[in-house]
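Quick note on the UniProt record's numbering: the sequence shown kicks off at 1 and runs consecutively. Here a beta-carbon is modelled for each residue, glycine too, at the ideal position from N, C-alpha and C. What follows is one structure encoded as structure tokens, with my remarks underneath.
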Amino acid sequence: MVVDAFIDPGSDRTLVRESVARNSIPCDPIILKGFAGGSFVCDKKINAVITIDECVVNAVIYVVNDNLIPNALLLGSDVLLSKNRRMIIDSDGCRFETIKPLNIKPETELSSNEKRQFNEMITEFRQCFAETKPEMGRCQTKQMDIQLIHDKPIQSRAYRIPLVKRQVVDRIVQELLDNEIIRHSNSTYSSPIVLVKKQNGEDRLCVDYRAINEATRKRPYPMPTVDEIMSQIADSNYFIILDLFSGYYQIELTESSKQYTAFITHNGQYEFNVMPFGLVNAPMEFQSVISGIIRQMKSKRVINYIDEVIIGCRDIAEGMDLLRELLTILKNEGLILRPSKCTFFARKIEFLGHTVSENGIMPGTCNINAVVNFPTPTSITEVRSFLGLTGFFRKFVQNYALIAKPLTSLLRNQIREFKWTEECEIAFNLLKKHLSEEPVLALYKPTSFHEVHTDASMIGLAGILMQSEDQLTWRAVFYYSRQCSDAEQKYHSNELEMLAIVESLERFRFYLLGKRFRVITDCNAISSTKTTTPLNHRVARWWLKLQEYDFEVTHRSGSRMHHVDALSRKPAEPSAHPNTVADLIMVVEINENDWLASMQRQDPVLKGIIDVLSGKTQSTQESQLKTDYKLKNGRLMRRLGSDLKFVVPNPVRWRVVRSHHDDVGHPGCEKTLARLRDYFWFPMMRRYVKSYLASCVECCFNNIPTGKREGKMYFEEIEPIPFRCLHVDHLGPFPRSRKGNYHIIAISDPFSKYTILRAVRTTNAKSVIALLIDVSAYFGLPKRIISDRGSAFTAKEFEQYCDRNDILHIKVPVRTPRANGQVERVNQTILSHLRCSTENRHEWDTLLPMVQWSLNSQKHSTTGFTPNRIVFDFELRDVIANRMIQALNNENDTDTETTLTSIEIRQKAAERIMNEKTRWKLRFDAKHKSPTTYEEGDLVVVENVPTATGESHKLEPKYKGPYIISKVLRHDRYVIEDLADIRGRRRYSSVYTSDKLKPWCYLSPEIDCYEESDENDEPEIGSISMSGEAELSSPDTESTTLP
């Protein structure tokens, strides 16, 4: 039976009208009270199965009088909130869902009573757990508010997404829309997106919020120390680890903040409803929410560090109470856990690099396995490698030389046969023991100085976290090594060294976040990788992962890195697929000014000025320096009127200009200069920016020159003889005619304007040659044929025809129809005639004789004569059956032009053509600028005309290349070719006019930041020159050398 039901979650019982109830049975009387105070004594019920939205519920339904409920059935909370069921009310209406039971098993074997209590608790708080996004919660007590330091909208250019990946973006965006994580946006802010591969090969959509983060008012939040956290769970016997399901997405944004999270895709603009990854204050907001939950707990045995919440308890009963208390708070807060990542009642856990158990807190074994599991050497080379590891810490091992003697004896030159003895085994194990305990292995102290020593080989990756109190004596804190996978073994050595840094920092992450440290590597190329542009995709993703760390990279020779080299050649852990940036994406925040300040001190000239201003050195120019410069917060600033501008060191000018040009949409010179001058100063800024923009590849490919287009009109002297030159072109395709024709061949004589049309089936060379043979039979062979570069005219067969008949074949430049304008104009007229005259679309070719006659019998506006009159020495009879026109023609037989001879007609026509061409040249040249002149060997790019694919080409590059000019032709035409052995395909060669070309990027001579500016550069207040010693020059003072 299907009935209408009224949903009343406030009712404790489900009721049914007496007229609908069937097979009712008596029951103990119960009193039903309404919200208005009325009551009803019910003594009948029915047992029924209710199906709602595919949810099946066995229910007890009480029978009432028909007038007591508005519908046949009233659903109360006993059905709506029955076990493993839930009701969802949203904008789409009301629906019911069956909640899948959770299969959560504690790590410890519980008693039957404890197991029952645990299962009942999980069932009671079932709504606190979820594995899918639709079940994700929303924090009820906290929203993230984003505050910017200025009100200027930030709009970043969209990054290019490959066409094949756009469907992936659409799918991810639709999923986020369906789960109300994002919404459509009209915000004036926008950030670009990137697709990043996850560990499982899937793509994750990430938003690059660097521009927004730079303008965001930072929110500080103190992070607890390791000692503080560990002390709260030190005496626990059982541990519960809880993990929030997409924790960031459970914290909503304030309505005013959503606009700042807007991002753009190829399909539109969207903004987040919840806190996305990548915002600078997101970790602090998340830590604040979790800390607020923990503060509500009565017990201090609940701790958290970033994204992990841990409950420590002495026994199961205490753990049950604490878990219930925390689940109650999470339920009230509206937060949801991911059960697959939660652990219940474990006896031992790994946390912050320590092993925590009922026996106390011990250093985590994962951090010393690299040494403990070091394999027994099997050759002298491996012995030497192990001694390189242990020898680095020999000062901490008492009697090191005596202990290691059996091993060092194996290295003697006279020992030719490798023999591993019992004494060697004892020494080997004893040295490993010393390296994995104090005093070699130090306890981590957050206030100490730290370094991470890394190394890599084709065999493995290794890293050691080092600690020092005085930066003189260094001790190991943790070790790490693992084998390289098959794919990683094929990496370039620089990439392996980079991967070793990434893996080591991720292993020691908890100890390095939030503090300054140094990375030591024996690969010199790594120190420049961070500023290398462009990076390959793999290294770029790795650097994105490392942006949350505050570190510097220092090179050290391999002879001083034996300790970590040994671990990389004997890795303890198997190869692994580390989490990608998509899995471990964190906040990206770069303090550019602090980095530039450190670079100032590495510039010898600027450091000299800083030393003078800070009083460390003396100079006769001190007063001038203090007038022009100022130290502010340890940074050297240039005084420009009342403003202070950051002085940019010479080696990093390119990076500063890049951040104000490449990273903000590649503006032009003036806008780039305006941005730079707001904050920075360096001599010869305009000249340097022009040089930088001239070498910008993105600008070269995508920027279209503004203003007048290049070009000049050229024309030859006309020879007053018909058919000495022919313009040829194809027109079509048209609908298939009854004769099977698709195209028209049009031939036009530029002198007489006489036109010949022929319908053909194909555009091959044979049909063109056949028509030319027919025309030549009437009018003789031409001297020149002008055509485009269609396949019919570039075919070998056509070239052979021209060679046999001594015809000069001129192919017009690529995409320059004006060079073949004579026949192109005829094509327009043909189309106009056919559109107006064709009644049957399959008989258009029958109209061509009429169109040809019409073109040749009409007086041409340029020559003043009909093409027929110029070609023939007599007037032809009109082939069009129009007696009125024929009669008029007979009456006008005495027209003055009919008395002219053919020679006079042709001379007049030639004069009029030349006059008209001269007039058109003046008009054309006035609307165009002078063409750029190129020479053989110059590199250029050409206009890019994307192939029609049905997809949008709005974001396609405007130019393609580079190509090399192999030959200079007259009339601003150039033969271009592929660069030799560059593209790996058939060599490309073609002719282009200068207006379709643009110079390729060029590297101008290096501009010395400290040389005198020329008169064409912007006026500078002063400049710094380098000539052995630092010196300052000013327009008003003589140059004086600084001490």
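Around the beta carbon of H492, a 10 Å sphere encloses fewer than 16 other beta carbons of the protein chains shown; the residue is thus reported as exposed. When the alpha-carbon of Y974 is set against those of T932, S156, V64, the nearest one is in T932. Contact between L73 and V16 holds: CB atoms are separated by about 5 Å, below the 8 Å threshold. Judged by their CB atoms, M561 and D522 are nearer to each other than the 8 Å cut-off. Residues K645, F646 of the same chain have their beta carbon placed closer than 7 Å to that of Y679, with the five preceding and five following residues left out of the count.
Within the model, the alpha-carbon separation for R835 versus A746 is close to 17 Å. In the displayed model, G247 falls within a helix according to three-state DSSP.
In this chain, the alpha helix (DSSP H) harbouring G319 covers 316-333. Linking R709 to K996 through their CA atoms gives a straight-line distance of about 10 Å.
The Cβ-Cβ distance between H266 and I182 does not fall below 8 Å.
For P26, the three-state secondary structure derived from DSSP is strand. When secondary structure is reduced to three states using DSSP, V648 falls in the coil class, being assigned neither helix nor strand. Using a C-beta cut-off of 8 Å, the region 120-137 makes contact with the region 327-337, since at least three inter-stretch Cβ pairs fall below that distance. Nearest to S748 by C-alpha distance, out of L772, V3, T762, is L772. When the beta-carbon positions are compared, K607 and D925 stay at least 8 Å from each other. Using a 10 angstroms sphere on the CB of Q147, the tally of other CB atoms stays under 16, which defines it as exposed. Closest option to E285, judged by alpha-carbon separation, among I316, V196, M144: M144. When the alpha-carbon of K33 is set against those of L68, S19, V664, E451, the nearest one is in L68.
Taking all protein chains shown into account, Q822 has 16 or more neighbouring C-beta atoms within 10 Å of its C-beta and is therefore buried. C-alpha of E107 to C-alpha of E114: approximately 13 Å in a straight line. Here DSSP, grouped into helix, strand and coil, assigns N856 to helix. In this structure, P999 lies near V940, with their beta-carbon atoms less than 8 Å apart. Of all alpha-carbon atoms in F734, N71, V728, P867, the one lying nearest the alpha-carbon of I721 is that of P867. The beta carbons of V196 and P276 sit about 14 Å from each other, so the pair does not count as a contact at 8 Å. Nearest C-alpha to Q600 among S557, S989, V652: V652. Here W681 carries a strand assignment [DSSP, helix/strand/coil]. As for any beta strand (DSSP E) of minimum length 3 sitting wholly inside the region 803-863, the runs are 808-811, ordered along the chain. Per the coordinates, the alpha-carbon of R324 lies some 34 Å from the alpha-carbon of V280.
Rounded to whole angstroms, the Cβ separation of F734 and H727 is 20 Å, and the two are not in contact under 8 Å. Judged by DSSP secondary structure, E175 falls within the alpha helix (DSSP H) whose first and last residues are 163-178.
By the Cβ test, the region 949-967 is not in contact with the region 776-786, since fewer than three Cβ pairs between them sit closer than 8 Å. In chain order, L242, D243 place their CB closer than 6 Å to the CB of C342, counting only its own chain and leaving out the 5 sequence neighbours on each side. Residue pairing from DSSP leaves D145 without any beta-bridge partner. Remark: C-beta atoms of G319 and I240 approach each other more closely than 8 Å. In this model, T14 and N58 are separated by some 12 Å (Cα to Cα). As computed with DSSP, E271 is found in a beta bridge with R183.
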